[in-house]
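The numbering of the sequence shown is the numbering used here, which starts it at 82 and goes up by one.
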Amino acid sequence: MTTLVKKTNAAAWLAAIITVSVFAAGCKKEPTSVTGTAQTAESIDLNQQTADLFQQPLKPDPLAPKPEDVVLTVEGQPVTYGEIMQGVQMQMMQMRQRVPPQQLPAIQKQLYKRISDNLVASILLTKAAEKSGLVVSDTELDEEIAAIGKNAPEGKSLKSVLAENNVDYDKWTQNLRKQMMVRKLAKEKTAEIPEASLADVTKFYEENIETFKVPENYTASHILLMTKDLSAEEKAAKKEQIEKIKEEINAGTITFSDAAKKYSEDPGSKENGGEYQNVSAGQMVPAFEKAAFAQEIGTIGDVVETEYGYHLIKVTDRQAESIRPLAEIKDKLQEYLTGQAKEAAIVAYIEELKKTAKIETHRPDFDAAGVQ
Numbered sequence: 082m083t084t085l086v087k088k089t090n091a092a093a094w095l096a097a098i099i100t101v102s103v104f105a106a107g108c109k110k111e112p113t114s115v116t117g118t119a120q121t122a123e124s125i126d127l128n129q130q131t132a133d134l135f136q137q138p139l140k141p142d143p144l145a146p147k148p149e150d151v152v153l154t155v156e157g158q159p160v161t162y163g164e165i166m167q168g169v170q171m172q173m174m175q176m177r178q179r180v181p182p183q184q185l186p187a188i189q190k191q192l193y194k195r196i197s198d199n200l201v202a203s204i205l206l207t208k209a210a211e212k213s214g215l216v217v218s219d220t221e222l223d224e225e226i227a228a229i230g231k232n233a234p235e236g237k238s239l240k241s242v243l244a245e246n247n248v249d250y251d252k253w254t255q256n257l258r259k260q261m262m263v264r265k266l267a268k269e270k271t272a273e274i275p276e277a278s279l280a281d282v283t284k285f286y287e288e289n290i291e292t293f294k295v296p297e298n299y300t301a302s303h304i305l306l307m308t309k310d311l312s313a314e315e316k317a318a319k320k321e322q323i324e325k326i327k328e329e330i331n332a333g334t335i336t337f338s339d340a341a342k343k344y345s346e347d348p349g350s351k352e353n354g355g356e357y358q359n360v361s362a363g364q365m366v367p368a369f370e371k372a373a374f375a376q377e378i379g380t381i382g383d384v385v386e387t388e389y390g391y392h393l394i395k396v397t398d399r400q401a402e403s404i405r406p407l408a409e410i411k412d413k414l415q416e417y418l419t420g421q422a423k424e425a426a427i428v429a430y431i432e433e434l435k436k437t438a439k440i441e442t443h444r445p446d447f448d449a450a451g452v453q
């Protein structure tokens, strides 16, 4: 039952490797590595599950520019509408099923502006890196490509995924080389920035203490017999089967873990004995969650029916809401705050570059086209 828990998909991975990223060097450290949720009040929660945004694609706007139309020129380098929209679409793929459909038009406008700004910054940084004499060797490029390729979806190569999405591999590698060169420039420009002090870390922790709350959670194992699309008679047989499995476990004939490996039809958990660790509210379907939060630890509850089928659930641990101690996350916070300082330095550097750069906008009628 792969839909019990949210999983990363190929679209998100592809978006991550194609979309222009000025701060690919790691200057911007996302706070998700500390708590799993955003750490600042300015962050927007996009975790709400919704229907696939692309089930009802937007109708083409007759006033919108053509992909080949040049919409910006940065230091003589043209930027087309298609280049910007490729980045927008990749970001939309990454956020699909997390953004309410009614927010789509506003999100698209925000993304257009963000991708446009990123492209301008990327061009200015690339030209600055070239002027500085920085280079990326073929060996460095090959190592980076190999590292990225290791995260390709199972059974696919980096080249095949790019080809499936009409992304030219040679052009992609050229862009990657430029991004790597920009990383070197960013590293040079931030080399003098010191690590965040313990005082800085402590202050941030205390001012954002609510962020570090760990919600009530549990660890539970389950055995699932799926009933979707089965007849009433077939469902009854499944119900009888899972009751017999419970009897086997209670009689000591087989352990819960071995029974899950033998009988469970949830491919996402059966190989590890049906276990899901540290599950908090909202991650499982309601009927499953209600039972998991209510059952006594170490006992096997009554058969639970969900839209997927019949479950036997055994809760092995339950943790009350708590706050992560500073000692546990101090290093991660220090890394995050140092990254924020470096990002600020790069942003300031980009603004300095913009002051002397020639940046021309060729399509001032974007509002009429529904794009900002």
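Beta carbons are placed, not taken as given, at the ideal position from N, Cα and C, and that holds for glycine. Note that the coordinates shown come from a computational prediction; the quantities given were computed from them, not determined experimentally.
- Approximately 7 Å separates the beta-carbon atoms of residue 366 and residue 388; this is inside 8 Å, confirming the contact.
- Pairing residue 152 with residue 160, the inter-Cα distance amounts to about 6 Å.
- Collapsing the DSSP output to three states places residue 390 in a strand.
- Taking the Cα positions, residue 222 is about 10 Å away from residue 262.
- Residue environment analysis places residue 146 among the buried positions, since at least 16 neighbouring C-beta atoms fall within 10 angstroms of its C-beta.
- For residue 274, the three-state secondary structure derived from DSSP is coil.
- The C-alpha of residue 381 lies about 8 Å from the C-alpha of residue 396.
- Between residue 385 and residue 372, the C-beta gap is smaller than 7 Å, which places the two residues in contact.
- Runs of the alpha helix (DSSP H) lying entirely within the segment 160-216 and spanning at least 4 residues, in chain order: 162-176 and 185-212.
- By the Cβ neighbour-count rule, residue 250 is exposed, with fewer than 16 other Cβ atoms within 10 Å of its own.
- Cβ-Cβ distances below 7 Å link residue 215 to 262, 265 and 266 in the same chain, with the five nearest sequence neighbours on each side left out; the list follows chain order.
- Assignment of residue 361 by DSSP, reduced to helix, strand and coil, places it in the strand class.
- Within the DSSP secondary-structure output, residue 398 pairs in a beta bridge with 300.
- Our two residues, residue 347 and residue 304, have alpha carbons roughly 7 Å apart in a direct line.
- Between the alpha carbons of residue 425 and residue 438 lies a gap of roughly 20 Å.
- Around the CB of residue 158, fewer than 16 other CB atoms lie within 10 Å, so the residue is classed as exposed.
- From the listed residues 436, 254 and 413, the smallest Cα separation to residue 225 is found for 254.
- A distance below 7 Å between beta-carbons, with the five flanking residues on each side excluded, links residue 290 to the following residues of its chain, in chain order: 404.
- Of 420, 440, 339 and 442, the smallest CA-CA separation from residue 268 is found for 420.
- Counting of Cβ neighbours within 10 angstroms places residue 325 among the exposed residues, the total staying below 16.
- Within the model, the alpha-carbon separation for residue 364 versus residue 409 is close to 24 Å.
- Secondary structure at residue 292: helix, using DSSP grouped into helix, strand and coil.
- For residue 440, the enclosing beta strand (DSSP E) starts and ends at 440-442.
- Judged by DSSP in its simplified three-state form, residue 428 adopts helix.
- In terms of CA proximity to residue 400, 300 leads the group 394, 443, 300 and 230.
- In this structure the segment 334-352 does not lie against the segment 270-286, because fewer than three pairs of beta carbons, one per stretch, are closer than 8 Å.
- Apart from sequence neighbours up to five positions away, the residues of its chain that approach residue 311 with a beta-carbon distance below 8 Å are 319, ordered along the chain.
- Residue ranges of uninterrupted alpha helix (DSSP H) with 4 or more members, entirely inside the segment 315-381 and ordered along the chain, are 337-344 and 367-375.
- Counting every other CB atom within 10 Å of its CB across the protein chains shown gives residue 298 a total of 16 or more, marking it as buried.
- Nearest to residue 284 by C-alpha distance, out of 358, 415, 442 and 435, is 415.
- The Cβ atoms of residue 196 and residue 168 lie closer than 7 Å to each other.
- A residue is called buried once 16 or more other Cβ atoms fall within 10 Å of its Cβ, and residue 392 is buried on that count.
- Assignment of residue 241 by DSSP, reduced to helix, strand and coil, places it in the helix class.
- Burial state of residue 442 is exposed, judged by a 10 Å Cβ sphere holding fewer than 16 other Cβ atoms.
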